[in-house]
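The structure appears right after this line, and notes come after that.
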Amino acid sequence: MLSSPFNQYANADARVLIEGGSVEKGKDYLYSYFVKTLSEIRALGIVPVVFSLPPKSGYNLGQCLLKAQFYRERIEKCDFDFAVAEQKQRDVIEVLKKVDVLDNVIWLSDYICPGSHCKASNAGVLIYRDEGHLARESSRLVGRGMNFYKLLIDSK
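Residues in the sequence shown are numbered from 800 upward in steps of one, following the working numbering.
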């Protein structure tokens, strides 16, 4: 199982220092070498599964949720539009969609963003602990809600 925000490689300004000293555009390099890495994993007899990054709103969702609880406000005020997340993560999503054709990508947005709306909490469980990481409790919630076990078994 592989997961990364990939931001450090995927944005338009990213540059990667290559062995030998040359510098390449990160986004172009990310796709080709990620596919190469996945191929090498498959060659070892292992089926790679890639988890997408959690959808991002552009602000610290964990902080928003904690403040809402502290001030006894509705935590739903921290929810956000999926279109915002897609725009903020456009470059990474583009690369992962190309990877998804070759290998199984599990899209966390399928659970967190039903329809066009992303939830920062679900059934009283806070999904985010900060701007882009899932809280421990929500990892369990998302895993059960998406049935990670079945998704992993089916990816063989």
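Beta carbons: idealized from backbone N, C-alpha and C, even for Gly.
Contacting residues, own chain, Cβ-Cβ under 7 Å from residue i (five flanking each side not counted)
| i | result |
| --- | --- |
| K876 | A867 |
| R928 | G861, A934 |
| G892 | Per the sequence presented here, residue 892 reads as Ile, with Gly not at that position. For I892, where only same-chain residues beyond five positions count, the Cβ hits under 7 Å are E885. |
Bridge partners - residue i, DSSP secondary structure assignment
| i | result |
| --- | --- |
| S803 | Note: S803 sits in no beta bridge, so no partner. |
| H916 | D880 |
| V822 | L816 |
Contact test: residue i Cβ vs the ligand FAD heavy atom, cutoff 7 Å
| i | result |
| --- | --- |
| L829 | Only the bare structure without any ligand can be found here, which leaves the ligand FAD out of the picture. |
6 Å Cβ shell around residue i - same chain, five flanking residues per side excluded
| i | result |
| --- | --- |
| V941 | Y910 |
| F879 | S856, C917 |
For residue j and residue i, the rounded distance between their alpha carbons
| i | j | result |
| --- | --- | --- |
| L901 | R943 | 25 Å |
| L951 | R873 | 35 Å |
| V904 | S938 | 17 Å |
| S920 | V848 | 26 Å |
| E818 | R871 | 53 Å |
| A813 | S851 | 19 Å |
| P854 | W906 | 9 Å |
Residue i, DSSP secondary structure in three states
| i | result |
| --- | --- |
| I926 | coil |
| L895 | helix |
Selected residue, minimal CA-CA separation from residue i, among the options
| i | options | result |
| --- | --- | --- |
| F805 | E823, C912, F833 | F833 |
| K824 | G914, T836, Y808 | Y808 |
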